[in-house]
Structure formats: structure tokens, C-alpha cells
Amino acid sequence: MNSPPVLPPHIAVANHKGGIGKSFLTQSLAVAAAEIGHRVLVVDMDAQGNITRRLQAQVPADPAERAAASLYAVLSNPARGEAARILTPCGYGGIYTDRIMIAPADLDLELLALTAGQPAAERRLLRALTGVVADFDLVLIDCPPSLLNHQIDLAWTASDYVFMPCEAEFDAVQSARRIKERILRDSHKLNEELRIGGIIVNRYRNISVHKKRVEEMERISGPGGVCPVKIPEIAVLKDMSEYARPIAESGSQGRNMASLLRDVYEWTRTRITDLEKAA
Ligand SMILES: Nc1ncnc2c1ncn2[C@@H]1O[C@H](COP(=O)(O)OP(=O)(O)OP(=O)(O)O)[C@@H](O)[C@H]1O
Ligand SMILES: [Mg+2]
């Protein structure tokens, strides 16, 4: 008898707070994974389409054609595996184009909420991805800055883990806490397998208030749940989003940051392995 296929980890990158680095972390993990030879599927569940653009997803220029080739068109009423028809490669070239595929978002994605009342509506992304993910080592789902909305429900229903980028600031930590509370409260309805993967500290400085906030993050994520590799705020990291390119292409400082971001990716893999063992 054939054993069932081993599916790649599905990671939702989420935090209630806006502008905190969700799409930045999604892009960083996708690029780092590609650099060590992994194949990655990036699902853009944010109608802003930031990760779609930042990975230079190869989408049609014409607005109507672009909408028809985006997640909204698929998720309205998906057949099993229908996401396959809109997957498009990363436009960076080389290993990135070979290894990163994107399910692109368009503005219409927000309209899905209008049909959230249909039976099993929150399972639509899971259904659309069924059978599509076997060729990948990792699935990343970039979430919008929301907590109680339909795109979040779709993303979390399709995910195994939520990883949160978080700044070491009061409001950001509160937002991470709300994500955890919602998972504890609603995972039995959305997805019983869903777990907090961990927290990745972004824009960290070695100052006492930031250390205090990181201790609070450790209480939210549990032992070992905060990535020890903390991401600083430096101008070169903005290049990834501004110029839509991998950080390794931003000179020697960029190459150093690419190495740091690969360490962050390695931590997420180790963390997932540890959580699987403990389950
Ligand atoms: N460590 C960092 N150093 C420098 N710039 C950063 C860093 N982290 C994020 N940024 C920049 O901050 C901006 C906001 O980040 P990003 O868009 O990833 O946040 P987000 O949480 O996805 O936002 P939204 O809630 O709108 O989806 C981007 O321009 C990004 O490049
Ligand atoms: Mg974003």
C-alpha cells in the first residue's frame, strides 16, 4: 500500500498590526529557502498584493486579465487543486524563478468576504491548494493586517503554523497576543491542527525596553518560540520591497543580510521539526 504523500509545512505569516514586516518576512523566507535549494509556493492572501509585486510575480498588465489570473478568481468557487491554473514564477530570474512560485493577489480578494457565509467558505483556499503543493518544500501564506476577517480564516484553515514577525514595541506585542488568543479560541472551528510556530523579532535594537518586550514575546510563543536571530532595522533591508529584488543583490551589506535571513529560515525549520516531535 502506498503511504500518503508528505506535504510541505504550510506557514501563515501573520500579525494583527500593520506595517510590521509580514510581507518582508514572507519575501525573506521565500528567498532564503530558494537560496538553499528549496522550492517554495507563496500565497498572497492580502488584497494589497505587496508580496505579489515584491516577488515580481509574472501577472498580466491588463487589469481585467490580471484579476482573472489572481486568487480571487480561483477562490470564488474553487475546484480541488484549482490554484494550479494561476501559479506564476517569481520574476527575479535564476534560482529564484526556478524555485519560487506565487499565487498572486489582486484588489478583488477583499470581495471574498461577501461570500463568507456560504457553507465551508473558509475551506476554499485549502481546497484550491489540494494536490498542488506536493512539488514544494514550503508553502508561505502572506496574511493581511487583520484578525477577524475572512482572508485570515482562509489562510489559517490552510496552514499548519502561524509565524509572526513582531517589533519589540508595546502595541506590536499586544497584536501578537491577540493572534494567539484567536488561535486558542477559534482553531477548533477553523483548523484543529493549527499551532503558533513562533515569533521573529523585527527592527530589534539592543536596548532595555526591547529586551523586556522580547521576554513578553517568549511568554506568548512558549519556550524556544522566539527566533534567537533578531532582525535589525537597516536601510538596505528596504531594498527588497522598494526594488522588488533579493537582498543578496544589494552589495556586501546585502549579502550579510541574506546570510542572516537564511539563519532565520533555518530556525523556522528547526522549530517546526521540534514542534512535530513534541506533538
Ligand atoms: N528590518 C527592517 N529594516 C528595514 N526596513 C524594513 C524592515 N522590516 C520591514 N521593513 C520595511 O517596512 C515596510 C513595511 O513592511 P511590510 O510591508 O513587510 O509590512 P507588513 O506587515 O506586510 O505591512 P501590511 O500590514 O501593510 O501588510 C516595508 O517597506 C519593508 O521593506
Ligand atoms: Mg504585508
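For the sequence shown, the working numbering assigns the number 1392 to the initial residue and increments by one for each residue that follows. Using N, Cα and C, we set each Cβ at its ideal position, and we do this for glycine too.
Simplified DSSP state of residue i, which is helix, strand or coil
i, result
"Thr-1479", "strand"
"Val-1523", "coil"
"Glu-1583", "coil"
"Tyr-1552", "strand"
"Asp-1654", "helix"
"His-1541", "helix"
"Val-1397", "coil"
"Asp-1665", "helix"
"Ile-1638", "helix"
"Ala-1405", "coil"
Any non-hydrogen atom of ligand 2 closer than 8 Å to residue i Cβ
i, result
"Ser-1533", "The sequence given here places Asp at residue 1533; Ser does not occur at that position. Yes; taking the cut-off as 8 Å, the Cβ of Asp-1533 has a heavy atom of ligand 2 nearer than that."
"Ile-1591", "no"
"Ile-1442", "yes"
"Gln-1439", "yes"
"Pro-1495", "no"
"Pro-1536", "yes"
"Ser-1414", "yes"
Cutoff 7 Å; reference residue i; Cβ partners in own chain excluding five residues on either side
i, result
"Ile-1427", "Arg-1653"
"Ala-1425", "Val-1431, Ile-1486, Tyr-1487, Arg-1490, Ile-1491"
"Gln-1601", "Note that residue 1601 is His in the sequence shown here, rather than Gln. Taken in chain order, the residues that qualify are Ala-1559, Tyr-1595."
"Gly-1484", "none"
"Lys-1408", "Pro-1536, Asp-1562, Ala-1563, Ser-1566"
Closer than 8 Å: residue i CB and nearest ligand 1 heavy atom
i, result
"Ala-1639", "no"
"Ala-1626", "yes"
"Ile-1543", "no"
"Glu-1560", "no"
"Glu-1633", "yes"
"Asn-1597", "no"
"Ala-1623", "Note on identity: in this sequence residue 1623 is Pro, with Ala being the wrong assignment. Result yes, Cβ under 8 Å from ligand 1."
"Ile-1411", "yes"
"Asn-1406", "yes"
"Lys-1629", "yes"
"Arg-1646", "no"
Span separating the alpha-carbon of residue i from that of residue j
i, j, result
"Thr-1659", "Ile-1570", "18 Å"
"Leu-1398", "Gly-1642", "36 Å"
"Gly-1616", "Glu-1624", "21 Å"
"Ala-1452", "Leu-1498", "14 Å"
"Pro-1619", "Gly-1588", "14 Å"
"Lys-1580", "Arg-1646", "43 Å"
"Leu-1552", "Ala-1403", "Here residue 1552 is Tyr; the residue named in the question, Leu, does not match the sequence. For Tyr-1552 and Ala-1403, the distance between alpha carbons rounds to 6 Å."
"Cys-1534", "Ile-1590", "15 Å"
"Cys-1557", "Pro-1510", "34 Å"
"Tyr-1634", "Met-1436", "21 Å"
"Asp-1528", "His-1401", "9 Å"
"Leu-1500", "Thr-1664", "33 Å"
"Pro-1614", "His-1429", "28 Å"
"Val-1524", "Ala-1546", "15 Å"
"Gly-1472", "Ile-1493", "14 Å"
"Arg-1604", "Ile-1442", "28 Å"
"Lys-1668", "Arg-1457", "42 Å"
"Asp-1577", "Gln-1644", "42 Å"
"Thr-1479", "Leu-1446", "10 Å"
"Arg-1662", "Ala-1470", "33 Å"
"Thr-1417", "Val-1434", "10 Å"
"Ala-1526", "Leu-1516", "According to the sequence provided, residue 1526 is Asp. The question's Ala does not apply to it. Using only the alpha carbons, I get a separation of about 17 Å."
"Ala-1474", "Pro-1495", "10 Å"
"Glu-1609", "Ala-1567", "11 Å"
"Leu-1539", "Pro-1454", "29 Å"
"Ile-1532", "Ile-1598", "32 Å"
"Arg-1476", "Ala-1460", "8 Å"
Proximal residues to residue i (C-beta, below 6 Å), its chain only, five neighbours per side dropped
i, result
"His-1541", "Leu-1503, Ala-1504, Ala-1507"
"Ala-1423", "Leu-1652, Arg-1653, Tyr-1656"
"Ser-1419", "Leu-1652"
"Arg-1586", "Tyr-1552"
"Ile-1622", "Asn-1593"
Neighbour flag for residue i against chain B, beta carbons, 9 Å
i, result
"Ile-1486", "Annotation note: the requested chain B is absent from the structure, which comprises a single protein chain."
Close-in-space but distant-in-sequence residues of the same chain around residue i (CB under 8 Å, 5 per side omitted)
i, result
"Gly-1410", "Pro-1536"
"Leu-1666", "Tyr-1552, Arg-1586, Gly-1588"
- Query: Which ranges would you report for the alpha helix (DSSP H) in the stretch 1557 to 1632 if only whole runs of at least 4 residues count?
  - Reply: 1561 to 1581, 1599 to 1612
- At which residue ranges does the stretch 1437 to 1512 contain complete alpha helix (DSSP H) runs of 4 or more residues, listed in the order of the chain? 1441 to 1445, 1454 to 1459, 1462 to 1466, 1485 to 1490
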